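Notes to accompany the following structure.
Number of protein chains: 2
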Amino acid sequence: MMVTANNTMDKEDFQLGSFFPYKVRVFGTAVSTAVSSVYRERYGLSVSEWRTMAILGRNQALSASEIVERSSMDKVNVSRAVQALRKKEFLRRDIDGEDRRKSVLRLTEKGLAVFNDVIPLVRDVEAALTENLSAEEQAVLLKLMEKVQKNAEGLIGEMSAEAANGA
Amino acid sequence: MMVTANNTMDKEDFQLGSFFPYKVRVFGTAVSTAVSSVYRERYGLSVSEWRTMAILGRNQALSASEIVERSSMDKVNVSRAVQALRKKEFLRRDIDGEDRRKSVLRLTEKGLAVFNDVIPLVRDVEAALTENLSAEEQAVLLKLMEKVQKNAEGLIGEMSAEAANGA
DNA sequence: GACATATAGTTGCAATTGATACTATCAGGA
DNA sequence: TCCTGATAGTATCAATTGCAACTATATGTC
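As given, the protein sequences belong to chains A and B, one line each in that order. Every position in the first sequence, counted from 1, becomes a number in my numbering once 86 is added. Every position in the second sequence, counted from 1, becomes a number in my numbering once 86 is added.
Rendered as structure tokens:
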């Protein structure tokens, strides 16, 4: 492992700029801004709204909780995105006949038109983000991000477990 | 509800889960949450406050705009973090004798104690995040993130340039 | 059928963040 | 000196997000 010394010895030398989580955050913010500008500027879509539309896509009818499962958003987030999209008339909500707690969400014609318009744009951005990376580098990047992400999720789990015990 | 029911246009199929910027965001959120929980739960520090403290560190006296330069935060963010840290008595603000617009910020004793306490904890998290990556993998990950980040920053620049031209 | 429990989704409140505009101070001429 | 423009930092308002409490349906047990 490349970490220079043991963790108690180099307090003096702490540099935010070379702190891994800081770099991740700056990286993530840049990527996120580049993509979200596209759908924000063009259609005033927030990230949650975009994700909701992206998951529904063409010909999909899903309940809010199915969207939650596929989007790494929580239900509050989805609920609000749905409201906003209904207001814009990009999305229609019906009630499930078999379980009246459930909603049946799908894009409207108008929403679908936006979706069709936005997809190629965000794909272009996606391509531009990785244009100078070989296919192999892209694969490696994704694999390493996943590994780190799993570690992070493990840590988060541990912490909330401790918090639950602690009290 | 089958996607496959009507998929004459499968080429057009868009899967959020395999969209690169989406993955980056999920990755970033996980990493960020893992680290920020440490200083949030222990000292109620926000990300901006933590960054500000991390940059000041030991024996550093900086102005707010010097913190801006080193933190990828904007000045509003820094200004608010400074206020919050003063209220917690983690940070002291004086006025620069030579340029009375400038502040001279440094950690108090109390702030320094917190800093000394937090640093090993966040370093542990940093180490845990990458524990199953070889030194080489870590270096590759950082290098690839930087490349993508540069691309993203380029795109953001183009967009705001266009926006300025546009209308 | 009635009660306890779980699930789907919404609402309200508080903390964070971002964009814009504002105040105070400085620096460089005419 | 006075004017202009830059710089340092603050204040204001709107959008986003997270947490917890709430309503409504459904399910399982007796």
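Using N, Cα and C, we set each Cβ at its ideal position, and we do this for glycine too. Fair warning: this is a prediction, and the values are worked out from it, not measured in the lab.
Alpha-carbon spacing of residue i relative to residue j, whole angstroms
i, j, result
"Leu193/B", "Glu212/B", "23 Å"
"Leu191/A", "Gly183/A", "13 Å"
"Ser158/B", "Gly114/A", "12 Å"
"Leu215/A", "Val234/B", "6 Å"
"Met245/B", "Tyr108/B", "20 Å"
"Gln146/A", "Ile242/B", "32 Å"
"Thr90/B", "Asp99/B", "Here the model assigns Thr90/B a pLDDT of 37, short of 50, so the residue's position is not dependable, and the following value carries that caveat. Using only the alpha carbons, I get a separation of about 10 Å."
"Gln169/A", "Arg166/B", "32 Å"
"Gly240/B", "Ser220/B", "30 Å"
"Phe105/B", "Asp180/B", "48 Å"
"Arg178/B", "Ser189/B", "10 Å"
"Lys173/A", "Val110/B", "29 Å"
"Tyr125/B", "Gln224/B", "24 Å"
"Asp210/A", "Phe176/B", "46 Å"
"Phe201/A", "Asn218/A", "27 Å"
"Glu222/B", "Ala238/B", "24 Å"
"Leu148/B", "Val154/B", "10 Å"
"Glu195/B", "Glu152/B", "21 Å"
"Ala140/A", "Glu232/B", "27 Å"
Assigned exposure category for residue i - 16 Cβ within 10 Å defines buried
i, result
"Ala253/A", "With a pLDDT of only 36 at Ala253/A, under 50, the local geometry of the prediction cannot be trusted, and the value read off the model is given with reservation. Looking at its Cβ environment, which holds fewer than 16 other Cβ atoms inside 10 Å, Ala253/A is exposed."
"Val162/A", "exposed"
"Gly130/A", "exposed"
"Pro206/A", "exposed"
"Glu135/B", "buried"
"Arg128/B", "exposed"
"Ala199/A", "exposed"
"Gly197/B", "buried"
"Lys236/A", "exposed"
"Arg186/A", "exposed"
"Ala247/A", "exposed"
"Asn93/B", "Reliability fails at Asn93/B, whose pLDDT of 34 lies under 50, so the model's placement of it is uncertain and the value that follows must be treated cautiously. Label assigned to Asn93/B: exposed."
Of the listed residues the options, nearest to residue i (C-alpha basis)
i, options, result
"Gln101/B", "Leu228/A, Leu142/A, Leu230/A, Gln169/A", "Leu142/A"
"Val112/A", "Leu148/B, Asp160/B, Asn202/B, Ser123/B", "Asp160/B"
"Ser123/A", "Glu222/A, Val204/A, Ala238/A", "Val204/A"
Whether residue i touches residue j by CB criterion (8 Å)
i, j, result
"Val164/B", "Ala150/B", "yes"
"Val208/A", "Val121/A", "yes"
"Leu228/B", "Val226/A", "no"
"Thr119/B", "Leu171/B", "no"
"Gly103/B", "Arg144/A", "no"
Scan the region 151-191 of chain B and note each continuous alpha helix (DSSP H) run of 4 residues or more that stays entirely inside, going in chain order.
Listed in chain order, they are 161-173.
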